[in-house]
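First the structure, in the form of structure tokens, and then the observations on it.
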Amino acid sequence: MFQTRVTTQARDFSLAATPIAPIHELLTDSGLAPKLRLSFAAPRELLIYAQLQEGYRAGGFNIPPGAGGGAPEVVAARFAPDHLWSYELGAGLPLFDHQLVLRGALFHADWRGLQTDQRLASGLPMTVNIGDGSNTGVEAEATWRPNDRLQLRANALLEDPSITRAANVFPARRDIGLPGVPYDMGSADVRYRWRLGSLDVEASVQLSYVGRSFLTFDGGTGNAMGGYASGRIAGAFVEDAWRATVCVDNVADERGNTFAYGNPFSRARTTQATPLRPRTIGMGLARRF
């Protein structure tokens, strides 16, 4: 059970092109956001679970569009709450005396009255209900430890985010999924430990991939991000309380945009990007006390 209370007060609009009266608004809401999880331990240590959950986000109020001093834009003074129903069915299974552990899940989410934060031409924020969305996918993970020295791990996620109904309050394409939600992701890593004289040594290799997505619902070229892979090689040497490490991040010097956002007041005039960190070599020395 929940109860929300949103209060908005604004008085000083000195930059507005035309006078704007002070704002004092109040919004309250209450309801239930249930969560139900059932699990069953089948023979041979197979664990199966099912989960149902509702998420809720309160509504609120927008800044008047003329507050930034520019020409007024069409913006709803108030935005409604949004609700998310998620359904998940998964399982976990250890094999070969727990040397191999497998996990997987199927999921589906229905998102109603989807809230999204956008920017006016002035750079000021606004929140609108863009419509309805959904996401269906599968995720899997495997971990293999054949002995105390070696560990291999891999995971993958495939999903289909989409807008099922687009409202007429903001440009929204229905063929590019949901902002910030890639269609696929995955990673893998290998770790090996051994003894070298008085040293405990660990070597690791990691590879990760992030699929393509967009920052906003309109799918503009400047809003594209993801679609890159990155690798890491690392080694550690431990003796008593001392630990020395060396690593190489982004081994192949892959280029990519991790987040297509920067200065909100200039985003409409130029492409903005948060680049993937270039190839980096690092070393460290630490001591426990």
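Residue numbers (my numbering): 99 to 387. Even for Gly, the Cβ is constructed at its ideal location relative to N, Cα and C.
As assigned by DSSP and simplified to three states, the class of residue i
| i | result |
| --- | --- |
| residue 355 | strand |
| residue 235 | strand |
| residue 192 | strand |
| residue 227 | strand |
| residue 348 | coil |
| residue 141 | helix |
| residue 211 | strand |
| residue 275 | coil |
Which listed residue (the options) has its alpha carbon closest to that of residue i
| i | options | result |
| --- | --- | --- |
| residue 447 | 162, 136 and 141 | Residue 447 falls outside the range modelled here, since the chain spans only 99 to 387, and no answer is possible. |
| residue 213 | 187, 237, 240 and 177 | 177 |
| residue 345 | 352, 335 and 339 | 335 |
| residue 299 | 314, 330 and 341 | 341 |
| residue 211 | 237, 321 and 267 | 267 |
| residue 134 | 128, 254, 123 and 152 | 152 |
| residue 329 | 378, 157, 338 and 337 | 378 |
| residue 282 | 237, 303, 290 and 243 | 237 |
Check whether residue i and residue j have beta carbons under 8 Å apart
| i | j | result |
| --- | --- | --- |
| residue 373 | residue 348 | no |
| residue 251 | residue 292 | no |
| residue 264 | residue 316 | no |
| residue 356 | residue 323 | yes |
| residue 384 | residue 370 | no |
| residue 309 | residue 320 | no |
Buried/exposed call for residue i, threshold 16 Cβ in 10 Å
| i | result |
| --- | --- |
| residue 207 | buried |
| residue 273 | exposed |
| residue 387 | exposed |
| residue 275 | buried |
| residue 126 | exposed |
| residue 262 | exposed |
| residue 159 | buried |
| residue 180 | buried |
| residue 231 | buried |
| residue 257 | buried |
| residue 312 | buried |
| residue 280 | buried |
| residue 225 | buried |
8 Å Cβ cutoff, residue i in contact with chain D
| i | result |
| --- | --- |
| residue 276 | Considering every chain present, this structure includes no chain D. It has just one protein chain. |
Closer than 7 Å: residue i CB and nearest the ligand COA heavy atom
| i | result |
| --- | --- |
| residue 386 | Looking for the ligand COA in the displayed structure turns up nothing, as the structure carries no ligands at all. |
Whole-Å CB distance - residue i paired with residue j, under 8 Å assumed
| i | j | result |
| --- | --- | --- |
| residue 278 | residue 307 | That belief does not hold up - the Cβ atoms of residue 278 and residue 307 are roughly 16 Å apart, past 8 Å. |
| residue 202 | residue 145 | About 11 Å separates the two Cβ atoms, so there is no contact after all. |
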